[in-house]
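Enquirer:
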Amino acid sequence: MTPLFSNLRPIRLRLGTWLDVVLISDPEHIRWLDSQQHVERRIDPERGWLHRIVDRRLRVDMGFDGEVLPVFRARSDAKRAERQRELMARFDALRGLPGPERNEIAGYVANPKQKGRDIGVLVQQWCGRLFLPQYRATKESYAAGRRLARFPAQSPFAAWRQRVDGRLDRAKEVLMDLAEGDLHCVHGTSIGMENVVRTVRNLRNAARSEAQRGRSLDEVLRECLVAPPVVLRTCTADVEAPFLRKPLTPHTLIVVLVSRAFAASGDLDVAFLSQGWSACPARRVILDMLRAVWSAVRQEDGGRRVPFDGVGRSWDAHTVH
Ligand code: HEM
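Heads up: the sequence shown at position 44 corresponds to 47 in the numbering used here, and the numbers run straight through without jumps.
(1) I want to check one thing, is the minimum distance from the CB of Arg286 to the heavy atoms of the ligand HEM below 8 Å?
(2) Can you tell me whether Thr20 is buried or exposed, with buried defined as 16 or more other CB within 10 angstroms of its CB?
(3) Using C-beta distances below 7 Å, list every residue in its chain close to Asp270, excluding the 5 sequence neighbours before and after it, in chain order.
(4) Beta-carbon within less than 6 Å of Asp23's beta-carbon, same chain only, minus the 5 sequence neighbours each way: which residues are those?
(5) Can you list, in chain order, the stretches of the beta strand (DSSP E) that have 3 or more residues and sit fully within the segment 160-191?
(6) Could you name the residues that DSSP lists as bridge partners for Cys238?
(7) Helix, strand or coil, according to DSSP, for Val71 in the structure here?
(8) Would DSSP call Arg294 helix, strand or coil?
(9) When the distance is taken between beta carbons, is Leu276 closer than 9 Å to Ile33?
(10) The ligand HEM heavy atoms versus the CB of Met65: any closer than 8 Å?
(11) For Arg12, does the count of other Cβ atoms within 10 angstroms reach 16, so buried, or fall short, so exposed?
(12) Under 8 Å from any heavy atom of the ligand HEM, does the C-beta of His254 make it?
(13) Thinking C-beta only, is Thr239 closer than 9 Å to Ile257?
(14) Taking the alpha carbon of Ser144 as the point to measure from, which residue in Pro155, Gly110, Met179, Trp163 has its own alpha carbon closest?
Rendered as structure tokens:
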């Protein structure tokens with residue numbers, strides 16, 4: 004029997020306007036959707052029961068006094084777009100944020116036997132310091148970051164429990180205090196951080212293998228980089244997609260399977276949706292940091308300086324101390 008996901012064709016589940024969900028995993032389809040002005044990120048709860056449930060979880064539960072995390076904000080939100088541009092420029096200038104956190108992350112990856120500080124706390128602190136030099140992560144803040152990052156995928160019962168017993172609110176409070184009220188920093192130290200932590204763990208596993216250590220970061224990242232499993236889109240008007248038989252409508256929930264598209268293409272731009280309007284502003288600073296980390300692994304190997312392979316930009320002048 005052919006597995007359901009054996010190719011990248013869209014899958015649509017449709018029962019009139021009552022249920023209309025389409026799963027997209029072809030990078031070309033994702034790019035096409037990105038180019039459509041009527042394809043949005045804001046979920047309108049008036050468009051159906053599923054939209055209502057998703058909106059409640061992302062905007063209300065994961066919201067902060069009526070404010071929504073940047074990653075759930077509308078495409079048309081001019082302030083969001085302006086901050087995205089501003090952060091991108093600022094992060095790029097940091098060139099991987101050299102410092103004790105980056106060195107410790109490199110040590111953790113390069114020496115799989117070495118026990119060190121909790122890697123989650125370390126990565127969260129690296130992420131927090133992209134925004135605030137004084138950011139200090141703790142075990143409690145890391146647990147809070149993970150809780151928020153995992154909340155969208157919780158079962159209805161687990162989500163309800165975390166809501167009523169106050170654990171979700173407590174996590175949000177801890178993250179918000181450390182972020183000094185900056186919701187972009189809250190996003191970076193929770194949802195963003197979780198993808199970096201998992202990537203760093205994968206790199207450490209890869210570093211155990213001699214064959215892997217001989218590969219460039221680009222090659223290794225094709226297997227190790229952790230991309231968001233899913234991002235959601237909706238339509239503000241009917242949209243005729245060339246790869247679908249029926250038009251997308253404002254009742255359709257578009258589920259973009261980012262990690263699947265990345266696994267199929269191995270294209271880092273797909274993992275960060277770099278070519279679209281919602282591009283991750285941290286993509287280059289993350290790759291710069293990982294490049295420095297992987298360089299340390301390869302130096303451990305031969306004690307020699309290994310040239311970088313140029314994802315994003317040349318790195319010639321950098322070494323990890
Ligand atoms: C491996 C790590 C990461 C990956 C693969 C990743 C990937 C992505 C993707 C695919 C999006 C687009 C979401 C959408 O279109 O709905 C996004 C958005 C975003 N990411 Fe990342 N991200 C990572 C880590 C981070 C970190 C550490 C930060 C902050 C320091 C960050 C900050 C943001 C922000 C602020 C947005 C929202 C952009 C906007 O729409 O205005 N990300 N990221």
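The beta-carbon is built from N, C-alpha and C at its ideal position, and this holds for glycine as well.
Expert: This is what the structure gives:
(1) Position 283 of the sequence shown, counting from 1, holds the residue named residue 286. At least one heavy atom of the ligand HEM is nearer than 8 Å to the Cβ of Arg286, so yes.
(2) The residue labelled residue 20 in the question sits at position 17 within the sequence shown. It counts as exposed.
(3) On the sequence shown, residue 270 is found 267 positions in, with the first residue counted as 1. Within the same chain, Asp270 has close Cβ partners Pro30.
(4) As a first step, residue 23 must be located in the sequence shown, where it is residue number 20. Correct list, in chain order: Arg17, His254, Thr255.
(5) none
(6) Position 235 of the sequence shown, counted from the first residue, corresponds to residue 238. In DSSP, Cys238 forms a bridge with Val42.
(7) Translated into positions along the sequence shown, residue 71 becomes position 68. In this structure, Val71 counts as coil in the three-state DSSP scheme.
(8) Here residue 294 refers to the residue found at position 291 of the sequence shown. Correct three-state label for Arg294: helix.
(9) As a working mapping, residue 33 is identified with position 30 in the sequence shown. As a working mapping, residue 276 is identified with position 273 in the sequence shown. It is a contact, given that the beta carbons lie within the stated cut-off.
(10) On the sequence shown, residue 65 is found 62 positions in, with the first residue counted as 1. Answer for Met65: no, Cβ out of range of the ligand HEM.
(11) Residue mapping note: residue 12 aligns to position 9 of the sequence shown, counting from 1. So Arg12 counts as exposed.
(12) Walking along the sequence shown from the start, residue 254 turns up at place 251. Answer for His254: no, Cβ out of range of the ligand HEM.
(13) One-based indexing of the sequence shown puts residue 257 at position 254. One-based indexing of the sequence shown puts residue 239 at position 236. No, these two residues do not count as a Cβ contact at 9 Å.
(14) Taking the first residue of the sequence shown as position 1, residue 144 is located at position 141. Checked all of Pro155, Gly110, Met179, Trp163; the closest Cα to Ser144 is Met179.
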